[in-house]
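Novice:
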Amino acid sequence: DGGITQSPKYLFRKEGQNVTLSCEQNLNHDAMYWYRQDPGQGLRLIYYSQIVNDFQKGDIAEGYSVSREKKESFPLTVTSAQKNPTAFYLCASQGFSTGELFFGEGSRLTVL
Amino acid sequence: AQSVTQLGSHVSVSEGALVLLRCNYSSSVPPYLFWYVQYPNQGLQLLLKYTSAATLVKGINDFEAEFKKSETSFHLTKPSAHMSDAAEYFCAVSSGSARQLTFGSGTQLTVLP
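Protein sequences, first through last, are from chains Z and S.
According to my numbering, the first sequence is numbered sequentially starting from 5.
According to my numbering, the second sequence is numbered sequentially starting from -17.
1. So Z:Gln54 packs on Z:Ala91, CB below 8 Å; how close in whole Å?
2. At a Cβ threshold of 8 Å, is Z:Tyr51 touching chain S?
3. For a cutoff of 8 Å on Cβ pairs, would you count S:Asn43 as touching chain Z?
4. Look at S:Val93 and S:His57 and say whether their C-beta atoms are less than 8 Å apart.
5. Given a cut-off of 8 Å, decide if Z:Gly20 and Z:Ser111 are closer than it, judged by their beta-carbon atoms.
6. Output, in sequence order along the chain, the residues in the region 64 to 89 of chain Z whose CB is closer than 7 Å to any CB in chain S.
7. Please confirm if S:Phe16 has its CB atom under 8 Å from at least one CB of chain B.
8. Whose C-beta lies closer than 6 Å to the C-beta of S:Asn6 among residues of the same chain, with five residues either side of it excluded?
9. For the beta strand (DSSP E) containing S:Tyr18, list its first residue and its last residue.
10. For a contact meaning CB atoms closer than 7 Å, what does Z:Thr102 contact in chain S?
11. How about S:Ser76 and Z:Gly103: are their beta carbons less than 8 Å apart?
12. Spatial neighbours of Z:Ser69 within its chain, please: CB distance less than 6 Å, with the 5 preceding and 5 following residues excluded, ordered by chain position.
13. Identify whether Z:Ile8 lies in helix, strand or coil by the three-state DSSP scheme.
14. What do you reckon, are the CB atoms on Z:Gly46 and S:Gly86 nearer than 8 Å?
15. Just curious, the beta strand (DSSP E) that Z:Arg48 is in, first and last residue?
16. If the cut is a Cβ gap below 7 Å, which residues of chain S does Z:Gln98 touch?
17. Ignore the nearest five residues each way along the sequence and tell me which others in S:Tyr32's own chain have a CB closer than 6 Å to its CB.
18. Whole angstroms are fine: how far does the CA of S:Pro22 sit from the CA of Z:Glu28?
19. Looking only at C-alpha atoms, which of Z:Ile50, Z:Gly7, Z:Glu73, Z:Leu31 sits nearest to Z:Asn57?
20. Taking Cβ positions, are S:Thr84 and S:Val(-7) nearer each other than 8 Å?
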């Protein structure tokens, strides 16, 4: 089936460690997004990419990094510089015509 | 610039009662509007979308929303709530060349037996 696959579903990290969240899509979409979700705060945009080998910072990019080497893949690295990384992370790709987002199932990161 | 306001972070209804979740938007150009639903520890799923065709939009699971330009609103309704409707609902807007969606802060719907 076509869709967005995020992995891992749950991840635990010690302070000071970098961690990479995977996001893969087979919808042939050009644009992909990473959001962070905290209770009561809705979705906040971390990074987005409109095309391969290009990406832009969103509203809360500090402490995060991304790459877009392939159309299908948009991994997010949560670095040790991110002061409060415990959150639910959502990846999405965007449809061509109406611009609706298609979301993955999310990755929950907990820093111990 | 575009923005979304969802009135009421928590809404409770009885099973079988009308569901009304409010969304107001701000956009300088004709918008595209979306409602998404999120169940615990899952991603967001599209309920319905307005893309400048019919102002009354029907979505999945008997949800519908009406685009009212004069009121800059896109409220979500369902005639009869079901226990399985308990979830968080997000309204979102995109407009003009800004293909990024701007999300509201969400409304948690509780359905009481």
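Ideal Cβ placement from N, Cα and C applies to all residues, glycine included.
Note that the coordinates shown come from a computational prediction; the quantities given were computed from them, not determined experimentally.
Specialist: Result, derived from the coordinates:
1. The residue labelled residue 54 of chain Z in the question sits at position 50 within the first sequence. The residue labelled residue 91 of chain Z in the question sits at position 87 within the first sequence. Incorrect: roughly 24 Å between the Cβ atoms, too far for contact.
2. Your numbering for residue 51 of chain Z matches position 47 in the first sequence. Not closer than 8 Å to any Cβ of chain S, the Cβ of Z:Tyr51 fails to qualify, so no.
3. The count along the second sequence starts at 1 and reaches residue 43 of chain S at position 61. So no, S:Asn43 is outside the interface.
4. Within the second sequence, the letter at position 111 stands for residue 93 of chain S. Within the second sequence, the letter at position 75 stands for residue 57 of chain S. No, they are not a contact pair.
5. Here residue 111 of chain Z corresponds to residue number 107 of the first sequence, with the count starting at 1. Here residue 20 of chain Z corresponds to residue number 16 of the first sequence, with the count starting at 1. Contact annotation: Z:Ser111 and Z:Gly20 have beta-carbon atoms that are not nearer than 8 Å.
6. Cβ proximity to chain S below 7 Å picks out nothing from the region 64 to 89 of chain Z.
7. The structure shown contains no chain B; its protein chains are Z and S.
8. Counted from its first residue, the second sequence places residue 6 of chain S at position 24. The answer, listed in chain order, is Thr(-13), Thr54, Ser55.
9. The residue labelled residue 18 of chain S in the question sits at position 36 within the second sequence. Segment 13 to 20, the beta strand (DSSP E) holding S:Tyr18.
10. Translated into positions along the first sequence, residue 102 of chain Z becomes position 98. Near Z:Thr102 (Cβ distances below 7 Å), the residues of chain S are Tyr14, Lys31, Thr33.
11. In the second sequence, residue 76 of chain S corresponds to position 94, counting from 1. In the first sequence, residue 103 of chain Z corresponds to position 99, counting from 1. Their beta carbons are under 8 Å apart, which means S:Ser76 touches Z:Gly103 by this criterion.
12. As a position in the first sequence, residue 69 of chain Z is number 65, starting the count at 1. Non-local beta-carbon contacts of Z:Ser69 in its own chain, meaning distances under 6 Å to residues more than five positions away in sequence, involve Thr81 in chain order.
13. Taking the first residue of the first sequence as position 1, residue 8 of chain Z is located at position 4. In the structure shown, the three-state DSSP call for Z:Ile8 is strand.
14. What you label residue 46 of chain Z is simply residue 42 of the first sequence in a count that begins at 1. What you label residue 86 of chain S is simply residue 104 of the second sequence in a count that begins at 1. Result yes, Cβ atoms of Z:Gly46 and S:Gly86 sit closer than 8 Å.
15. Taking the first sequence and counting its residues from 1, one reaches residue 48 of chain Z at position 44. Looking at the DSSP string, the run of the beta strand (DSSP E) that includes Z:Arg48 is 47 to 55.
16. Locating residue 98 of chain Z in the first sequence gives position 94, where the first residue counts as 1. What Z:Gln98 touches in chain S: Arg81.
17. In the second sequence, the residue the question calls residue 32 of chain S occupies position 50. Excluding sequence neighbours, S:Tyr32 sits near Leu15, Val39, Phe49.
18. Reading the first sequence from its first residue, position 24 is the one you call residue 28 of chain Z. Reading the second sequence from its first residue, position 40 is the one you call residue 22 of chain S. C-alpha separation (whole angstroms): 22 Å.
19. Residue numbering aside, residue 57 of chain Z sits at position 53 when the first sequence is read from its first letter. Nearest of Z:Ile50, Z:Gly7, Z:Glu73, Z:Leu31 to Z:Asn57, Cα basis: Z:Glu73.
20. Along the second sequence, read from residue 1 onward, the residue named residue 84 of chain S stands at position 102. Along the second sequence, read from residue 1 onward, the residue named residue -7 of chain S stands at position 11. No, the pair does not count as a contact, with Cβ atoms beyond the cut-off.
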